[in-house]
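Novice: Numbering (UniProt numbering), first residue to last: 1 to 576.
#1: Residue range of the beta strand (DSSP E) that residue 489 falls in?
#2: Tell me whether the stretch 202 to 212 and the stretch 52 to 66 touch, counting them as touching only if at least three CB pairs, one residue from each stretch, are closer than 8 Å.
#3: Buried or exposed: residue 183, going by 16 or more other Cβ atoms within 10 Å of its Cβ?
#4: Which stretch, first to last residue, makes up the alpha helix (DSSP H) that contains residue 202?
#5: Which stretch, first to last residue, makes up the beta strand (DSSP E) that contains residue 98?
#6: Locate the beta strand (DSSP E) running through residue 425, then write down its first and last residues.
#7: Among 306, 457 and 286, which one has its Cα closest to the Cα of residue 496?
#8: Buried or exposed: residue 538, going by 16 or more other Cβ atoms within 10 Å of its Cβ?
#9: Which of the three DSSP states is assigned to residue 540 in this structure?
#10: Tell whether a beta-carbon distance below 8 Å holds between residue 141 and residue 147.
#11: Taking DSSP as the reference, what is the three-state secondary structure of residue 182?
#12: For the alpha helix (DSSP H) that contains residue 332, what are its first and last residues?
#13: Using C-beta distances below 7 Å, list every residue in its chain close to residue 212, excluding the 5 sequence neighbours before and after it, in chain order.
#14: Rounding to the nearest angstrom, what Cα-Cα distance links residue 500 and residue 553 in this structure?
#15: Would DSSP call residue 385 helix, strand or coil?
#16: Verify the CB distance criterion: does residue 106 have a CB-CB separation below 8 Å to chain C?
#17: Between which two residues does the beta strand (DSSP E) carrying residue 571 extend?
#18: For residue 42, which option in 343, 270 and 485 has the closest C-alpha, if you only look at C-alpha atoms?
#19: Is the separation between the beta-carbon of residue 173 and that of residue 92 shorter than 8 Å?
#20: Do residue 460 and residue 435 have their beta-carbon atoms positioned less than 8 Å apart in this structure?
#21: Which residue comes first and which comes last in the beta strand (DSSP E) that contains residue 168?
#22: Would you mind listing the alpha helix (DSSP H) stretches within the stretch 262 to 311 that are 4+ residues and don't spill past its ends, in chain order?
#23: Is residue 446 helix, strand or coil when you go by DSSP?
#24: Tell me the DSSP secondary structure of residue 129 in three-state form.
#25: What does residue 315 pair with, by DSSP beta-bridge criteria?
#26: Can you tell me which residues form a DSSP beta bridge with residue 216?
#27: Can you tell me whether residue 244 is helix, strand or coil according to DSSP?
#28: What's the C-alpha gap between residue 544 and residue 466?
#29: Does the stretch 280 to 297 come close enough to the stretch 310 to 317 to have 3 or more Cβ pairs within less than 8 Å?
#30: When DSSP labels each residue in this structure, what does residue 157 get in the three-state scheme?
#31: What is the DSSP secondary structure of residue 238, counted as helix, strand or coil?
#32: If the criterion is Cβ atoms closer than 8 Å, does the pair residue 254 and residue 65 meet it?
#33: Quick one: grab the DSSP three-state call for residue 64.
#34: Spell out a yes or no on whether the stretch 121 to 135 and the stretch 212 to 221 are touching, meaning 3 or more CB-CB pairs, one atom from each, closer than 8 Å.
#35: The alpha helix (DSSP H) spanning residue 473 covers which residue range?
#36: Please state whether DSSP places residue 136 in a helix, a strand or coil.
Below you can see the structure in the form of structure tokens.
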């Protein structure tokens, strides 16, 4: 089956693809994203504004109740008022005289006439005459719902009493001294002011003031406010796409459990955006139309002229060297037509003058290369060297020189793997086999002067690493570290896993290096381009940096007469 490639498409189809990918899809996506982002931003902004409006309304209502409760506190704990209410008056003049001493305490409630419709003190003291803010707590008053409501409540603080038509703050006046009469402060809020707060709120939707029992008490919705039956929050009819905001009074002594419930119709707040949809549509059509016309004109110019050049190229195959008509175009197609005309002119000259001689020259070069190839085939085959080393090893075994035979076997193994390894990566097990062969040869050289120990974590033996990663460091340790050591040289090699890294550690007890020499070696690895004595290790450093980048790290620890310890850290890769 023929594999698809974009070079197989005709130029016209490529231009159509360019149009769809670079014009049509981007314009559609841009307009859709623009519309969605604009809608979401407006929705988010409207929701934030609505939330702030609900919070502001909540605070205004809270301040209204707190002010009314403050006046109730003022009356309830005013000692002179309490004395006035509990005193028994024998004459009218005596009562008027006492009333004049307390009339100033009603100034605050009188000043709050916008928020408070009335501030009354009801008392069942029969010697007190009803006048101004003080009225009698008679049997009719005690038969009211609000009196029965407050009768069973705590007297320590004001209580909120709400019906469909009124909202009051009520508190009993007690002096804790066994008073004979009952006194009640009743602050009636101005309901027109409450309705005005709801209707003039910055909240652009329906607002509901809900009691702890989930019943709607007040609202800016006329149908709800005029309903004779109580409406619960579950009974509110919500629009299809709705945004709801609820703010509850959490720490209020008087409004605990009350909440403001705001309802926004998403269709209304997004109406302006959706009205602009027609403008977006016209804008998209213009974006489609203008690029389409430009692309059609340019594609026609490109397609027709290239097709004309292609027609003349096909004629060249039939030995028709007619030049392409050229009209002094300066673009790449015009340059292509000029070069094509030059090419066919040169082809005609080559055919007439040079072609035959060039063929003869090429045939001679081919014969020369064939002769060189035969000469290469006649050179020594590497297998001849392997066979020769094997013959020497067998002769050594026959003569009883087992150690020499083993050394020759290790040399042949190293030679064979250095030639036969065509992969860039090998397993750690293969690398260790090569290291062991090298160290055995070194032991043969140094007799009993060299000892080594290799420890490899079993789970890492089949892990792939760049070939000959560790061998140059082993060679450096055996030659520079052990060769000049007068005592017995000992090399330890450890390969283990640490997290997602392979940790290779090689240590020797050789001559070691000074701190200056270690820094010089670091500098040589990183910057120096020249080839020094440690070219093998520099080669490994360069290859590992290419393979792993900054994931490869190394460390050198050494001191004069204290040996050397080199640590390499490589990342474990599964995709090599």
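Ideal Cβ positions, reconstructed from N, Cα and C, are used throughout, including at glycine.
Specialist: In short, the structure shows the following:
#1: If you look at residue 489, you'll find it in the beta strand (DSSP E) that goes 489 to 498.
#2: At 8 Å Cβ cutoff, the stretches touch.
#3: Buried, by the Cβ-count rule.
#4: Here residue 202 belongs to no alpha helix (DSSP H), and DSSP marks it neither H nor E.
#5: Element bounds for residue 98: not the beta strand (DSSP E) but the alpha helix (DSSP H), 92 to 102.
#6: In the DSSP assignment, residue 425 falls within the unbroken beta strand (DSSP E) covering 425 to 427.
#7: Of the listed residues, the one whose Cα sits closest to residue 496 is 457.
#8: Result: buried.
#9: Of the three classes helix, strand and coil, the one that applies to residue 540 here is helix, per DSSP.
#10: Remark: C-beta atoms of residue 141 and residue 147 approach each other more closely than 8 Å.
#11: In the structure shown, residue 182 sits in coil (DSSP, three-state: anything other than H, G, I, E or B).
#12: Annotation for residue 332: the continuous alpha helix (DSSP H) segment containing it runs 332 to 349.
#13: Only 257 and 258 meet the Cβ criterion.
#14: Going by the C-alpha atoms only, they are around 13 Å apart.
#15: Here residue 385 scores only 49 on pLDDT, less than 50, and its place in the model should not be relied on; the value that follows carries that caveat. In the three-state reduction of the DSSP assignment, residue 385 falls in the helix class.
#16: The structure shown contains no chain C, having only a single protein chain.
#17: Looking at the DSSP string, the run of the beta strand (DSSP E) that includes residue 571 is 564 to 571.
#18: Ranking 343, 270 and 485 by Cα distance to residue 42 puts 270 first.
#19: No. Outside cutoff.
#20: Their beta carbons are not under 8 Å apart, which means residue 435 does not touch residue 460 by this criterion.
#21: Judged by DSSP secondary structure, residue 168 falls within the beta strand (DSSP E) whose first and last residues are 167 to 173.
#22: Under the rule that a run must span 4 or more residues, the alpha helix (DSSP H) segments found entirely inside the stretch 262 to 311 read 266 to 269 and 271 to 275.
#23: Helix, per DSSP.
#24: If DSSP states are grouped into helix, strand and coil, residue 129 belongs with coil.
#25: Beta-bridge pairing by DSSP links residue 315 to no other residue.
#26: Answer by DSSP bridge pairing, in chain order: 210.
#27: Strand.
#28: When rounded, the distance between both Cα atoms is 8 Å.
#29: Output reads no: the stretch 310 to 317 does not touch the stretch 280 to 297.
#30: In the structure shown, residue 157 sits in coil (DSSP, three-state: anything other than H, G, I, E or B).
#31: In this structure, DSSP gives residue 238 a state outside helix and strand, which the three-state scheme calls coil.
#32: The Cβ atoms of residue 254 and residue 65 lie closer than 8 Å to each other.
#33: Note: residue 64 maps to helix in three-state DSSP.
#34: The stretch 121 to 135, when compared against the stretch 212 to 221, does not touch it at the 8 Å Cβ threshold.
#35: That run of the alpha helix (DSSP H) goes 471 to 476.
#36: Strand at residue 136.
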